[in-house]
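Okay, so here's the structure we're looking at.
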Amino acid sequence: EDQVTQSPEALRLQEGESSSLNCSYTVSGLRGLFWYRQDPGKGPEFLFTLYSAGEEKEKERLKATLTKKESFLHITAPKPEDSATYLCAVQHNNAGNMLTFGGGTRLMVKP
Amino acid sequence: EAGVAQSPRYKIIEKRQSVAFWCNPISGHATLYWYQQILGQGPKLLIQFQNNGVVDDSQLPKDRFSAERLKGVDSTLKIQPAKLEDSAVYLCASGLLALEQFFGPGTRLTVL
Chain U
60 EDQVTQSPEA LRLQEGESSS LNCSYTVSGL RGLFWYRQDP GKGPEFLFTL YSAGEEKEKE
120 RLKATLTKKE SFLHITAPKP EDSATYLCAV QHNNAGNMLT FGGGTRLMVK P
Chain F
518 EAGVAQSPRY KIIEKRQSVA FWCNPISGHA TLYWYQQILG QGPKLLIQFQ NNGVVDDSQL
578 PKDRFSAERL KGVDSTLKIQ PAKLEDSAVY LCASGLLALE QFFGPGTRLT VL
């Protein structure tokens with residue numbers, strides 16, 4: 060059974076204080092690892108898909124990396140508007156398009 | 518491009534009552550998903566449709582939950598009868614084959 064664990068559960072940063080969120084996964088045959096951002100009262104918003112170990116993707120202050128066991132979402136010089144819950148999910152290569160989500164990391168960036 | 522639409526946005530019912538949620542996916546997306554997200558947790562897949570056929574409903578509590586996607590476009594998710602533990606946000610998502618999924622705003626259900 061696919062398992063996804065995110066840490067920390069919550070993270071408080073000062074504006075400009077860079078940090079990383081972790082997503083550890085166990086899946087026999089990874090098709091893709093997805094990162095989403097979710098604001099309160101809204102549905103998850105797609106950020107990145109990573110397909111193979113060593114792959115990196117960037118978008119503004121965010122950079123996602125992938126190894127065979129985990130993925131990191133690096134946030135460089137965060138701003139208050141980066142405050143949200145960040146979700147990662149894995150897609151198994153034999154499970155159709157099903158996503159298995161982790162519990163998320165609630166990020167709060169204070170000015 | 519219009520996103521995934523869901524209604525209602527909020528619903529409050531008493532236990533043992535019935536409730537239905539509606540989803541209109543992004544135009545042209547053949548795949549549609551229903552997820553349940555309990556407060557503080559990540560979304561959990563309930564059912565996946567490909568056009569109007571069910572691909573995966575292994576995590577759908579079939580004794581009380583049902584879903585349909587007539588004509589391969591809109592979808593409805595029904596709970597009958599509701600239990601307290603069904604209180605959650607119900608998210609609909611759509612996508613193209615194995616690519617990223619796009620989520621709607623969700624319906625927040627409170628069962629009293």
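So the sequence lines, in the order shown, correspond to chains U and F. Sequential numbering from 60 applies to the first sequence in our numbering. Sequential numbering from 518 applies to the second sequence in our numbering. We put the CB at the ideal spot given by N, CA and C, even for glycine. None of the values given here were measured: they were computed from a predicted structure.
Requested in this report: Would you identify the three-state DSSP class for G545/F, choosing helix, strand or coil?
Outcome: coil
Query - Residues near F582/F in its chain [Cβ-Cβ closer than 6 Å; skip 5 each side] - result: I596
Query raised in the report: Contact check, R625/F vs R533/F under 8 Å by CB: the rounded distance?
Result: Wrong, their Cβ atoms sit about 20 Å apart, outside the cutoff.
Requested in this report: Would you check if the distance between the CB atom of H133/U and the CB atom of S83/U is smaller than 8 Å?
Outcome: no
Query raised in the report: Is it buried or exposed for S544/F, if we count other Cβ within 10 angstroms and need 16 for buried?
Result: exposed
Report task. Kindly indicate the opening and closing residues of the beta strand (DSSP E) around M7/U. Result -> In this structure chain U extends from 60 to 170, so residue 7/U is not present and cannot be described.
Report task. Could you confirm whether any beta carbon from chain U is found closer than 8 Å to the beta carbon of D573/F? Result -> yes
Report task. With D573/F as the anchor, note down where its beta strand (DSSP E) starts and where it stops. Result -> 570-573
Requested in this report: Please name the residue or residues paired with R71/U in a DSSP beta bridge.
Outcome: M167/U
Query raised in the report: Going by beta carbon distance, what residues of the same chain come within less than 8 Å of L70/U, once the five residues before and after it are set aside?
Result: S78, L80, T164, R165, L166, M167
Query raised in the report: Should P137/U and E74/U be called a contact, given that it needs their Cβ atoms to be closer than 8 Å?
Result: yes
Query raised in the report: Should A112/U go down as buried or exposed, given a rule of 16 or more other Cβ atoms within 10 Å for buried?
Result: exposed
Query raised in the report: Buried or exposed: V571/F, going by 16 or more other Cβ atoms within 10 Å of its Cβ?
Result: exposed
Requested in this report: Kindly provide the ranges of any beta strand (DSSP E) runs that are 3 or more residues long and lie completely inside the region 135-160 of chain U, ordered along the chain.
Outcome: 143-151, 158-160
Query raised in the report: Which chain U residues sit within Cβ distance under 7 Å of E617/F?
Result: F93, F105, T108
Requested in this report: Enumerate in chain order the residues of its own chain whose CB-to-CB distance from I530/F is below 8 Å, with the five nearest sequence positions on each side excluded.
Outcome: V536, A599, L626, T627, V628, L629
Report task. Taking only the alpha-carbon atoms, compute the straight-line gap between L146/U and Y95/U and give it to the nearest angstrom. Result -> 5 Å
Query raised in the report: At which residues does the beta strand (DSSP E) containing I555/F begin and terminate?
Result: It is not in any beta strand (DSSP E) - I555/F carries neither H nor E in the DSSP assignment.
**Report entry** Three-way DSSP call (helix, strand, coil) for G91/U in this model
**Finding:** strand
Report task. Just mark T85/U as buried or exposed, buried being the case when its beta carbon has 16 or more other beta carbons within 10 Å. Result -> exposed
Requested in this report: For G75/U, decide whether its Cβ has a neighbour in chain F, counting only Cβ atoms nearer than 8 Å.
Outcome: no
Query raised in the report: Does DSSP classify E602/F as helix, strand or coil?
Result: helix
**Report entry** Residues that DSSP places opposite R581/F in a beta bridge
**Finding:** BP columns for R581/F are empty, so no partner.
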